[in-house]
Structures are given as C-alpha cells and as structure tokens.
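Residue numbers (our numbering), protein chains in the order written: chain X, 1 to 370; chain V, 1001 to 1460. Have a look at the structure below before the remarks.
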Amino acid sequence: MPGVSEKELGALKEEWESPMIDYRLQYAGVDSVLRYLRPLVGLESVHPHFLPTQKSGRWSTTNPPLPNFSVGCISPVCTREGWHVGRSSRNCWSLRDLVIPRKGEWFLKYDWNAIEPRIAAAESGDEEDLELFAQDADIHTIRMCRMFGFPVPPDVINPHQAESCIEWRADLHWDGKDDWRRVAGKVCGLGLSYAIGASAIHEARDVDELARVAGLDKRGLEAMAQRYLDSKPRLVSWKYRVWDGLYRTSEVRTFLGRRKRLFIAEQERQRWLAYRRPGDAGKQGLNHLAQGSVADIMNLTIIAIKRTWPESRFGYQSHDGLLTVWPTHLNPWPAIREVVERTWIINKYPVKLTATWHRVNDDGTHEELS
Amino acid sequence: MRLVRDVPGCLGCPLRGDGSQGFVPDEIIERAPVLVVGQNPGEQEEAEGKPFVGKTGQTMEKTYFKLAGLERGRVSIANALRCRWQDSNELPPLVQPKQAQAGKRGIAEEALLHCQKAHGYLPSGTKLIVSQGEYALWSATGQRSVTSWRGWLLPLRGHGDGWKYEIWHPSSSDIPVLATVHLAAIFRDPSLALPTRMDWQKVPRILQGKWPVRFPGFQTAPPKVWPLNSAFDTEFNPDTRELTRYSLYDGGDRPWVVEAKDVSNVPVGLTGKEILQAPPTVYMHNMEADILDLERMLGPRIQEFRFEDTMLMHAVLWSDLPHDLHYLGSLFARTNSWKHLGYESLDYSAGDAMGTWDVALAQLREMKEDPQSYWVYRNSVFPLAPTIMEAERVGLALDQGRVGEAIQHFEVLQEDVSREAQAYAGYPLNLGSSEQVSRWLYEVEKIGGKPKRGKMHARG
C-alpha cells in the first residue's frame, strides 16, 4: 500500500480529490510545528544551531528552525481579522516572536527589499530596472506598463496619487496599488527573474491572488507570464547566456566569485544542445546567481556589522533578512544603514540596496524604523 | 536465451516464480585480478544472455573501466542476482522491516544467498571485488548501506569481523570488496558521478597496494611542542560535554591520541620570529566543536595560530555534496574507514586527525586552483564562525507565555481538523495514524493509480 507522507500525499493531490488528503496534510503540518514547540516549554532560552551547509550558501538554522516558522499572527488576543503578519507586539505576534530580547537588550531586524530582482537587473544589464530601483520607483506599475504597452506614468514613484498622473490614471481606469494589472507586474517580476520560462508563474509568490483578481486560469496565467518575459528581452537573453555557459562548463559563478558545480544529466545536456531547452541544472544555475549572491552579501554584511559594533550579536538569518541583538545602551540606527544598504558593483553597475527596518524592545513593544 | 526453469541451480530460489525469466550467467575470466559485481540483469542482458551489455554496462566500460585501468575481456563480470524478477527492473527491497524486526531475512536476502550459493564463483587470481549497489554489497559482505560504505573496503562475507573493531587493512590473503554505487543510480542522481569516478580510480591503487595505507597506530604521550602544521580533533562525552581526548596529526609517522587526563598546556615551542615567517596552522573539521578546547590547551598564544575548517571549505567548493568527514574521507583519506568504529575507539580519534589532515590538503590544493572560491571561504564564510559560535552559545530568550499560547493554538487546530476528518469518515478515525489514513485512502476510497486526464474523485 502506498504511504501517506507529505510528499506522497502532495503527489496524490495533483490527481485526486479527497478531503481526507487535505485533513491529513493539515494535521501533519500542525504536528510538525508542535514537535518543535513542545520541547520549548520551561526553557529560558533557545540555542539554535547554524550551519553553512545549504546548497544556496545560506546558513541553515535548526533547533529550532526559526526562519521556517510562519510569520502569520497567532496571538489569541489579536483583534485583527483573518491571516496577517504578526507585528511582534504584545497583542499581535507570530511563531518567530517566541524569541524576545532579554532585559537590557533589543532586537534590530532588517529585510532587504527586492534584493534578488536588483541583482538580476544588474546581471542582465537591464538599465531601466536599475534606474527604477535607484529612484525607489513603483517598479511593479512600470513593469505592468511595459507588459501591456501602456505609457509610463509621469511620476514613477507615486503614480497612484501624484497630481501629474491624474490623466494617466483616468486613461487606464487605474485602481491604484491593488489594480490587477499592477498585481500582474508584481507577481511576474518577482516570480520570473530567475525562472526557466512562463510556466514557472505557477510557483510564484501570490500567484493565487493574481489568478483571483485578474480572473485567470492556468493558461491565462502562463500567457500573462509570457507577456512579461516578452517585455524583458535583456533578462531573457541574459538567461540564455547563463545557460550556454553552464551547459558548456557545468558550473556557474556569482559576482562575488562563489561557484556552484552542477551535476548535469547527459540527457539534459543533449536536450539543451539540440533544442536549447534548459532543465533542472538551468534552474539551479539561475537560482545560484540570486541566492549565492545574497548569501555572500549577507555574510559580508554580518561581518561588517560585528566589526563596527562588536557588542552586537547575531540572532538568526531569515531568507533576505537578519535579526541582530543589541545592548540597550547601544543604538546603531541610522548609521547601520550605511553598512546594510550599501552599494555593490555587479556587472559594472552600481546596485544600491534598501531595507525595511524594525526594532523590538525588551518590553515587547515594536516599531518600524524609517 | 536460457530460462531459469532450465537451470537446475535455480530450483528453490524465492524469486524463481514460474521460471520463465531468462538466466544470465556471469562472465568469468580466470586469472583476472578484478571481479565486478552488479545488481541483476536488465532487459538487454536477458535477451543476449550476457551481463552488462545494456546502457549501464556500456557506461561502465566506456567511462569507469577506463578510470580503473580495466578492459572488458580481462575482468570478470557478475551479478548478485542472475535473472530479472517478474520481467521488470524492479527488485523486492533489500530491507523488509517486518522480517528484520522478527530477526528473519527478507525475500531479496534469501534470493541473494540462494543465487550466490548456486551460481557464485570466485575466479582464481581475483585480488579485488568491486560491488555496485546494495544487493551486490550485501551479497559480498553482509553490509546493507552503500551510503555508509561507498568508497571504502570491506572483507568478503565470512572472512572475519576484525574490521568492526579496527581500521581494517586487507592482508595478502584477503580479497577486499570495494563498495560503490550502482551505475544506474547516477542516471537518477548525477551528483553521484564524482564520488563514483573517484571510487573506480582507486582500483589500480588497491591492486598496486598503494591504497589504503596501513593504519600506523598512534602515540599517547602529548607532543612536546605543538607542531607547525597539524590537524586537530576532540572527542567529548555527549551527556556532560566534557572533553574525553584529543587527537593531533602533523603529517608524520603517527598521530597523537591524548586522553583528557593528560591534556595540559602544550608549549607552542615556536618563537615569535618563526611564527611571523610562517604562522602555525591547525586544520579542523567543523572547527566549532573543537576550538574552545584548543584554546584551553594553547592559552593566549592561540592568537598566533591560523585555522582552516575543512567543512566550511568543502561547503564553498562543493555546495551540493555532503560535507561530513566520513564522506570526505571516502574521497581523500589515505586509510580505510574509521568512522564506523564509534567515538569510544581510540583508532576513531586517530582516524579523525589523519583524515582531517588528508582532506585539508586536498581542499587546499583545490582552492589553489580556484582563488575565487578561496576568497569566498576566507572572507565571507570563515570569519563568520566566531560570530555564529557566540550566537549559539548565548542563544535567544524565550517568551514562555507565548510558547504556551502557541502550543494551545496549534493543539486546537489539530483537534478541529481531527473532528472534521472523523465527521467525514463517519467513525473516530485517528488522523495521526499513518496506517488508518492509508487504509481509508487506498482501501475505502480506493484512490491511487494514475488517472490520465483531469482530477479523479475518491469513491468514499
């Protein structure tokens, strides 16, 4: 009899509909969280273990795997309805907020904004995107304009409210930040920078939201993704250059020199040579250029923070973000922005990073820093 | 094609079935020094009545025989099972938990023993057996895990169990078995190609007596002065975390294995001027586990030392491969396996120091050929180690109130979904029981199989 592991049920769900599959998957998901939580009862602190053994070059965190904990609020006293991100406050918190500053300490958290698309823009020489990132423009709206052949709004930073964009908004019957065309620009832009082709849209973040607001089915989503890729010839041709190289040399290297050796099945290599259709190695290679780059940017940033403020402490790393621990008497803000939001030279282009910042105090209060 | 039913030796084999499958005899070359043993014949082998003539066999000849300096016709080739079970490439799993629990052998093990007894033949002049995959490994040695033994040597089944207690080195009368993966596994997982190539490259070195090197033993008195370059490792009590012993190797005749009671402040011995010229270097595998003890031994002069971490180096060089010392040792160590001995063994400690030394030299050679990787290791990965260690040591405070509330939140979710599942099933089905859910899905709802179009609804 086949098994009922998460993997087996996931595969089964593709082909069969049974509520029992969903029940079991939900049960197993909750069970795995409880397995991490129950041993924490009575402990004053956790001592996570970090290893640099992720294939991406990022550090993995175990015991417990804090970065894998959901950011959704689970506070029993929170008054906000529906799923929302925990705000790390007294009344609104997520599993990640089980760890708190000790008395006399506080947390400083940052999350880089769109760091991977910025790297892709530089690697592919997409000067328009680089310029938009540098201006802190509403890149999702501009991407949407390119996708649908609309004129670019006169104010690229705030097309939703700027007076100069009144006519532009009227012509497009613009719905503002939630306009489905902007959602399309956002989902495609974030989901397809490093993807093989249009079908990768189904794995993109918020794709269900796009399907809902735009009323698109599976094929419609792929057509939308193709529209985005057609509007990005530099991005697409860069990917082909990467694939040409990696299928020839079986390796790919980030701008900081981190190499990934690819173990390519002979069939896949032959398929590339014959039809220029990339496979798993093509996907891994592109992922490495994004994730391998971020891994070293993160490492070098952590090292720089520690060198500048030796009293600070590493908390844990979460995807493109970091939690750091500080003694109350020490406040590196905003000087630390120079370290974290520095400019990197990638493929000869200066790439300025930006981040979202949060402070968590030892009394549980929380504030966004800007 | 000769059928199993016409081969008298196959009578009584649990995989014989109706005997209509083809029988593929071994290709024996008397006086050939190497016997290569595979799993069982494929379709083409069955049709031609010869082992290793299909895709895997061709790859073996073209790629791996070349690496091993072997040539078809001058090497014996056999299979652990000499027929195709139920006309497919599938075989019953080697490990069958129910039988194993009852202390019995599974059907595959019974068949392997039967086949070996009925048809196995060790040609005269055989000096080495290369076993590919778990069936061949179990048949030849009684060991099941290719992952544990790949790249290492074991004695033939029934030829003593000294290997369990020492770093085994074959004597002149032994016929060692080199474990490697089944080549078909590389088609599924191409990352196995690299270690497999290195396994086959060992064949001529084994035949020439160049690998493995006999384990030289160890010295127990602490070194009089700390060596200029060394590999260092510690063992500690897993319960108390107290140091049990350390091991050290400097590339010389024998490593040191020093018990904790003899651990003292070992003089560095080098003058400041000498250190300026060439700082003493210590190689460690996962430095985090050893550095605090090393600091205790060397005192403040530890500042004058340079460290390299072979695990971090390998993580930069080969991000997609395993980074544990047992795996790296299977590629680079001069001696045979030591990790299976367990940390209580002193040979294990000595092996760790020697293995770390060999792995370090191999990694540094590779880094030299790729200065960019060395830059990443030296500037982006290695300097993080102290920061990470500090974070692990100090930890993060927990809000116990939230821990309790979180557990309650998820327990309620679990109860809710359990109730829904029970209402759907119509009886108190235990959603946490794999057996009960499996029975519901596959027997009651009869889902499974491979529907060709659209989604299929369960029959429940």
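Cβ coordinates follow ideal geometry from the N, Cα and C atoms, glycine included.
Taking C-beta to C-beta, are residue i and residue j nearer than 7 Å?
i: residue 98 of chain X; j: residue 1413 of chain V; result: no
i: residue 1447 of chain V; j: residue 5 of chain X; result: no
i: residue 108 of chain X; j: residue 337 of chain X; result: no
i: residue 1350 of chain V; j: residue 1308 of chain V; result: no
i: residue 46 of chain X; j: residue 1395 of chain V; result: yes
i: residue 305 of chain X; j: residue 1383 of chain V; result: no
i: residue 1312 of chain V; j: residue 1285 of chain V; result: no
i: residue 1068 of chain V; j: residue 52 of chain X; result: no
i: residue 281 of chain X; j: residue 262 of chain X; result: yes
i: residue 1146 of chain V; j: residue 1137 of chain V; result: yes
i: residue 1428 of chain V; j: residue 1436 of chain V; result: no
i: residue 115 of chain X; j: residue 320 of chain X; result: yes
i: residue 1417 of chain V; j: residue 27 of chain X; result: yes
i: residue 1406 of chain V; j: residue 74 of chain X; result: yes
i: residue 204 of chain X; j: residue 187 of chain X; result: yes
At a Cβ threshold of 7 Å, is residue i touching chain V?
i: residue 45 of chain X; result: yes
i: residue 180 of chain X; result: no
i: residue 242 of chain X; result: no
i: residue 33 of chain X; result: yes
i: residue 336 of chain X; result: no
i: residue 69 of chain X; result: no
i: residue 39 of chain X; result: no
i: residue 343 of chain X; result: no
i: residue 23 of chain X; result: yes
i: residue 300 of chain X; result: yes
i: residue 16 of chain X; result: yes
Can you tell me the Cβ-Cβ gap for residue i and residue j, rounded? I've got them flagged as a contact below 8 Å.
i: residue 357 of chain X; j: residue 110 of chain X; result: 5 Å
i: residue 1131 of chain V; j: residue 1034 of chain V; result: The Cβ separation is near 11 Å, so there is no contact.
i: residue 1352 of chain V; j: residue 1434 of chain V; result: Contact doesn't hold; Cβ gap of about 39 Å is too wide.
i: residue 144 of chain X; j: residue 182 of chain X; result: 5 Å
i: residue 1144 of chain V; j: residue 1112 of chain V; result: Going by Cβ atoms, the distance from residue 1144 of chain V to residue 1112 of chain V rounds to 11 Å, so no, they are not a contact pair.
Should residue i be flagged as near chain X, meaning a C-beta pair shorter than 7 Å?
i: residue 1387 of chain V; result: yes
i: residue 1384 of chain V; result: yes
i: residue 1424 of chain V; result: yes
i: residue 1376 of chain V; result: yes
i: residue 1169 of chain V; result: no
i: residue 1143 of chain V; result: no
i: residue 1285 of chain V; result: no
i: residue 1431 of chain V; result: yes
i: residue 1303 of chain V; result: no
i: residue 1369 of chain V; result: no
i: residue 1447 of chain V; result: yes
Cα separation between residue i and residue j?
i: residue 1153 of chain V; j: residue 1355 of chain V; result: 16 Å
i: residue 1358 of chain V; j: residue 289 of chain X; result: 31 Å
i: residue 1051 of chain V; j: residue 1283 of chain V; result: 46 Å
i: residue 1390 of chain V; j: residue 1377 of chain V; result: 20 Å
i: residue 1040 of chain V; j: residue 1148 of chain V; result: 22 Å
i: residue 180 of chain X; j: residue 1290 of chain V; result: 56 Å
i: residue 1142 of chain V; j: residue 1168 of chain V; result: 16 Å
i: residue 217 of chain X; j: residue 211 of chain X; result: 6 Å
i: residue 132 of chain X; j: residue 355 of chain X; result: 16 Å
i: residue 351 of chain X; j: residue 112 of chain X; result: 13 Å
i: residue 1257 of chain V; j: residue 1304 of chain V; result: 24 Å
i: residue 1003 of chain V; j: residue 1077 of chain V; result: 20 Å
i: residue 1011 of chain V; j: residue 1419 of chain V; result: 54 Å
i: residue 1371 of chain V; j: residue 1259 of chain V; result: 39 Å
i: residue 1129 of chain V; j: residue 1207 of chain V; result: 11 Å
i: residue 1453 of chain V; j: residue 13 of chain X; result: Its pLDDT being 45, under 50, residue 1453 of chain V is placed unreliably by the model, and the measurement read from it follows with that caveat. Their Cα atoms are separated by approximately 14 Å.
i: residue 252 of chain X; j: residue 196 of chain X; result: 15 Å
i: residue 58 of chain X; j: residue 49 of chain X; result: 13 Å
List the residues of chain B that residue i touches, going by C-beta distances under 7 Å, in chain order.
i: residue 1101 of chain V; result: Note that chain B does not occur in the displayed structure, where the protein chains are X and V.
Can you pull out the residues from the region 1221-1255 of chain V whose beta carbon lies closer than 8 Å to at least one beta carbon of chain X? Hits within the stretch: zero.
Where the region 200-232 of chain X meets chain V: residues whose CB sits under 8 Å from a CB there: Of all residues in the region 200-232 of chain X, none comes within less than 8 Å of chain V when Cβ atoms are compared.
Which residues, in order along the region 1312-1323 of chain V, keep a beta-carbon less than 8 Å from a beta-carbon of chain X? If the cut-off is 8 Å between Cβ atoms, the region 1312-1323 of chain V has 1312, 1315, 1316, 1317, 1318, 1319, 1320, 1323 near chain X.
With 8 Å as the limit, tell me which residues of the region 74-104 of chain X have their beta carbon closer than that to any beta carbon of chain V; keep them in chain order. Listed by position along the chain: 74, 75, 76, 93, 95, 97, 98, 99, 100, 101, 102.
Can you give me, in chain order, the residues of the region 1070-1093 of chain V that have a beta carbon less than 7 Å from any beta carbon in chain X? Within the region 1070-1093 of chain V, no residue has its Cβ closer than 7 Å to any Cβ of chain X.
In chain order, what residues of the region 244-255 of chain X put their CB closer than 8 Å to some CB of chain V? Going along the region 244-255 of chain X in chain order, one finds 253 with a Cβ nearer than 8 Å to chain V.
Quick one: which residues of the region 1402-1423 of chain V get their C-beta closer than 8 Å to a C-beta of chain X? List them in chain order. Flagged, chain order: 1402, 1403, 1404, 1405, 1406, 1407, 1408, 1409, 1410, 1411, 1413, 1414, 1417, 1418, 1420, 1421.
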